[in-house]
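Undergrad:
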Amino acid sequence: MGMSYRPILLFRSLFSLFLSSSAQNCSYSFSSNRVYNSCNALPQLNAYIYYTYHASNGTVDIAYRAAASNSSNWVAWAINPNGLRMIGSQALVAYQNSSGIQVYTAPITTYAIQRGNLSFPVSGLAAEYASSEFIIYATLTLTNNSTTVNQVWQQGTLSNGVPLTHPTSGPNVQSMGTLNFTS
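Read left to right, the sequence shown gives residues -23 to -1, 1 to 160 (mature numbering (1 follows the signal peptide of the UniProt record, and there is no 0)).
Put into structure tokens, the structure is as follows:
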């Protein structure tokens, strides 16, 4: 009674393919030779979060990379200290208009994006658009050195160079999760 190894081989092949594709998704050469220790492929909106946590000073360097169908889109990545939702999020926003790349911080208190200071310090804020992707770079000082955060990410379109409200269905309302900067 010979045991069939086909199911085991099939499982191993599929698992290996999954690991390989995950690694390829997070393999990326950033401008200015930026390097990050970890990466998560986010489950919605074709986006990735790269990060390096610095326990010594409670900061994290991040790069949020998101596909955009064209440069007339905006993208945002945020931490929400209060839960898995957009309202209350502390966001990093980027888009391109006739003046070039715009990147800023925005505390989300309503469904409109307004520039403002976040509830935690942000430094090194920068962004770029290349190969149909936006990348936002920043260093965040984590409140109370909290290493597990609620994250929210979004994208939408522009009108006359100004971000419009993102779609309120499908992947846009599913773009949230938790992130542990130490794993």
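Here a beta-carbon is modelled for each residue, glycine too, at the ideal position from N, C-alpha and C.
Distance check for GLY77 and LEU117, CA to CA, integer angstroms please.
TA: For the purposes of this step, residue 117 is identified with residue 140 of the sequence shown, where counting begins at 1. For the purposes of this step, residue 77 is identified with residue 100 of the sequence shown, where counting begins at 1. About 24 Å.
Undergrad: Are the beta-carbon atoms belonging to residue 163 and ASN57 less than 8 Å from one another?
TA: Lying before the first or after the last residue shown, residue 163 is absent from the chain, which here runs from -23 to 160.
Undergrad: Does the distance from the C-beta atom of SER66 to that of VAL12 stay below 8 Å?
TA: In the sequence shown, residue 66 corresponds to position 89, counting from 1. In the sequence shown, residue 12 corresponds to position 35, counting from 1. Result no, Cβ atoms of SER66 and VAL12 do not sit closer than 8 Å.
Undergrad: Do you know whose CA, among GLN132, PRO84, ALA115, THR82, lies nearest TYR30's CA?
TA: For this step, residue 30 is matched to residue 53 along the sequence shown. The candidate whose alpha carbon is nearest that of TYR30 is ALA115.
Undergrad: Going by the DSSP bridge assignment, what does ALA104 pair with across the sheet?
TA: In the sequence shown, the residue the question calls residue 104 occupies position 127. For ALA104, which the question treats as bridged, DSSP gives the partners ILE113.
Undergrad: Taking ALA18 as the reference, which of GLY35, TYR41, ASN34 has the closest Cα?
TA: Residue numbering aside, residue 18 sits at position 41 when the sequence shown is read from its first letter. Measuring from the Cα of ALA18, the nearest candidate turns out to be TYR41.
Undergrad: May I ask you to report which of helix, strand or coil DSSP gives SER9?
TA: Taking the sequence shown and counting its residues from 1, the one referred to as residue 9 is at position 32. Helix.
Undergrad: Suppose you measure from the CA of GLN1 to the CA of VAL99; what does that come to, to the nearest Å?
TA: Here residue 1 refers to the residue found at position 24 of the sequence shown. Here residue 99 refers to the residue found at position 122 of the sequence shown. Note that GLN1 has pLDDT 44, beneath the 50 cutoff, so the model's placement of it is unreliable and the number below is only indicative. If you take the alpha carbons of GLN1 and VAL99, they lie about 29 Å apart.
Undergrad: Quick check: the Cα distance between SER9 and PHE97, rounded to an integer number of angstroms?
TA: Taking the first residue of the sequence shown as position 1, residue 9 is located at position 32. Taking the first residue of the sequence shown as position 1, residue 97 is located at position 120. So the two alpha carbons sit approximately 26 Å from each other.
Undergrad: Using a threshold of 8 Å, state whether the C-beta atoms of ALA89 and GLN79 are closer than that.
TA: Counted from its first residue, the sequence shown places residue 89 at position 112. Counted from its first residue, the sequence shown places residue 79 at position 102. For ALA89 and GLN79, no; Cβs fall outside 8 Å.
Undergrad: Report the residue from THR86, THR36, SER4 whose alpha carbon sits nearest the alpha carbon of VAL126.
TA: The sequence position of residue 126 within the sequence shown is 149, counting from 1. With distances taken between Cα atoms, VAL126 lies closest to THR36.
Undergrad: Check whether the Cβ atoms of THR82 and ASN94 sit closer than 8 Å, and answer yes or no.
TA: Within the sequence shown, residue 82 is the residue found at index 105, counting from 1. Within the sequence shown, residue 94 is the residue found at index 117, counting from 1. In contact: THR82 and ASN94 (Cβ atoms closer than 8 Å).
Undergrad: Name, in chain order, the residues that DSSP records as bridge partners for ALA89.
TA: For the purposes of this step, residue 89 is taken as the residue at position 112 of the sequence shown. Looking at the DSSP assignment, ALA89 forms no beta bridge with any residue, so it has no partner.
Undergrad: If you check the beta carbons only, do ILE85 and ILE64 fall under 8 Å apart?
TA: One-based indexing of the sequence shown puts residue 85 at position 108. One-based indexing of the sequence shown puts residue 64 at position 87. Yes, Cβ-Cβ distance for ILE85 and ILE64 is below 8 Å.
Undergrad: For a minimum of 3 consecutive residues, which ranges assigned as the beta strand (DSSP E) are wholly contained in the stretch 40 to 93?
TA: With a minimum length of 3 residues, the continuous beta strand (DSSP E) runs that stay inside the stretch 40 to 93 are 50 to 56, 67 to 74, 77 to 84.
Undergrad: Hey, out of ASN121, SER152, SER136, LEU102, whose CA is closest to ASP38's CA?
TA: On the sequence shown, position 61 is the one that residue 38 refers to. Out of ASN121, SER152, SER136, LEU102, LEU102 has the C-alpha closest to the C-alpha of ASP38.
Undergrad: Excluding sequence positions up to five away, which residues of its chain have a Cβ less than 6 Å from the Cβ of ALA68?
TA: Working through the sequence shown from its first residue, we reach residue 68 at position 91. These residues qualify, in order along the chain: ALA53, ALA55, ALA83, ILE85.
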